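The sequence shown runs 23 to 293 under this note's numbering.
For reference, the structure discussed in these notes is given below.
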Amino acid sequence: TPRASRPGSQPEVAMLACLLAVALGTVSEERMLPTVPALFWSGMPIFERGVVTDYTPSSSVWDTVDHLAGLKTEGSALAQATAEKPEVVLAFTYDKLRTDLVQRNPEFEGVMAAFEGAASQLSVPYVVRDTQRAAAGHSCHDAAAHLVDSGILSNGATELVSIDVGAATAENDRKVSQIVEMVAKATSGRYVAMVTANNTVPSEMVLEFGAKAVERPQRRRLSYAQQQQRQIPLTPAILTGLLVGGLLLVIFLNGFCCLFALQTPKKFEHE
């Protein structure tokens with residue numbers, strides 16, 4: 023009597039292992055993609071409150087800044103068209119940033135307070151650098167004096183002011199929030215602010231930020247995870263779909279192999 027193959031035999035397990043290896047390889051390759059965050063906010067109804075979850079090239083971010091400043095006539099997918107133009111467009115550039123650090127550390131309390139209290143806001147957490155854009159000379163320490171002395175806060179023309187913030191420190195965060203508050207009052211809310219970075223923060227430096235506030239125990243990680251630049255946004259729905267898909271694939275392979283293992287008798291006995 024021919025022996026039927028058992029469910030969960032070696033061919034099915036090997037096939038499932040290959041598929042999981044390919045999936046993990048794709049995820050690990052995607053995790054290595056370095057990204058920086060970008061935050062937009064304004065006292066005008068320019069941005070829809072929300073988060074852009076897709077990867078966004080840095081050229082699109084700076085094209086939006088140039089469009090709002092009137093330097094480009096092409097429209098932007100990140101900003102809405104408005105009849106009233108902003109008086110000032112502020113572009114703050116840090117040396118290094120990570121999205122999760124901005125959201126949970128005291129070095130960005132002022133920035134996040136200005137962002138969350140604005141009339142319109144947009145978060146672009148996964149910006150991939152595809153172009154070089156350097157800040158134009160103004161530091162966050164002398165930017166306030168430049169804005170007042172130059173008279174651009176009340177000249178009736180939209181001006182772009184690029185500000186190099188430098189390192190992510192509590193002092194620089196206070197300077198940025200003071201500049202935004204001053205511009206918001208001087209222009210009666212007719213301003214746009216953007217915060218981004220020139221580079222990302224490596225994962226091994228994460229524990230250095232916010233260490234004064236809360237001491238968190240370092241968790242045990244996989245060896246390959248120590249070199250990652252950020253965490254992939256894996257939602258519960260995506261994880262559930264992967265698990266259910268893997269289970270259905272195992273059931274299909276078992277049924278497929280059992281179907282081909284069926285054998286009919288070589289001859290039929292007639293009485």
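Beta carbons are placed, not taken as given, at the ideal position from N, Cα and C, and that holds for glycine.
In this text the structure is predicted, and so the values were computed from the model without any measurement.
Terminal residues of the beta strand (DSSP E) in which residue i lies
i, result
"L281", "Not the beta strand (DSSP E): L281 falls in the alpha helix (DSSP H), residues 258 to 283."
"V150", "142 to 150"
"T218", "213 to 222"
"K118", "110 to 119"
"L175", "Looking at the DSSP string, L175 is not in any beta strand (DSSP E), and its letter there is neither H nor E."
"P59", "58 to 64"
6 Å Cβ shell around residue i - same chain, five flanking residues per side excluded
i, result
"Y116", "V187, A190, A219"
"K107", "T180"
"S210", "none"
"A91", "V111, T180, L182"
"F137", "L61, W63, Q143"
"L119", "V58, P59, A219"
"A208", "L175"
"C280", "none"
Where residue i sits in the DSSP three-state scheme
i, result
"Q102", "coil"
"M134", "helix"
"E181", "strand"
"K207", "helix"
"S161", "strand"
"D195", "helix"
"V187", "strand"
"V74", "coil"
"P67", "coil"
"E96", "coil"
"P287", "coil"
"L123", "helix"
Limits of the unbroken alpha helix (DSSP H) element including residue i
i, result
"S81", "80 to 90"
"A165", "165 to 172"
Given residue i as reference, the closest of the options once Cα atoms are compared
i, options, result
"T304", "A141, I68, T286, L144", "The structure shown does not extend to residue 304, since the chain is modelled only from 23 through 293, so no value can be given for it."
"T222", "K207, I201, S199, D122", "D122"
"F14", "W84, Y77, P56", "Residue 14 falls outside the range modelled here, since the chain spans only 23 to 293, and no answer is possible."
"Y77", "P128, V150, F130, E109", "V150"
"S199", "A135, G173, L265", "A135"
"L175", "T257, A192, E193, V202", "V202"
"V146", "N127, T86, A208", "T86"
"N127", "V214, Y213, S172, A192", "A192"
"G139", "A215, S98, G178", "A215"
"M204", "V170, V217, N177", "V170"
"G72", "L271, H292, L100", "L100"
"A283", "L275, G263, H292", "L275"
Close Cβ partners of residue i (< 8 Å) along its chain, the five nearest in sequence each way excluded
i, result
"R196", "G132"
"F130", "L123, V124, A190, D195"
"G277", "none"
"H160", "H168, V183, S184, I185, D186"
"E96", "D85, H89"
Proximal residues to residue i (C-beta, below 7 Å), its chain only, five neighbours per side dropped
i, result
"P287", "none"
"M66", "T104, E106, P108, A141, S142, G211, R212"
Does the pairing of the region 84 to 98 with the region 160 to 170 give three or more beta-carbon distances under 8 Å? Verdict: no, contact absent.
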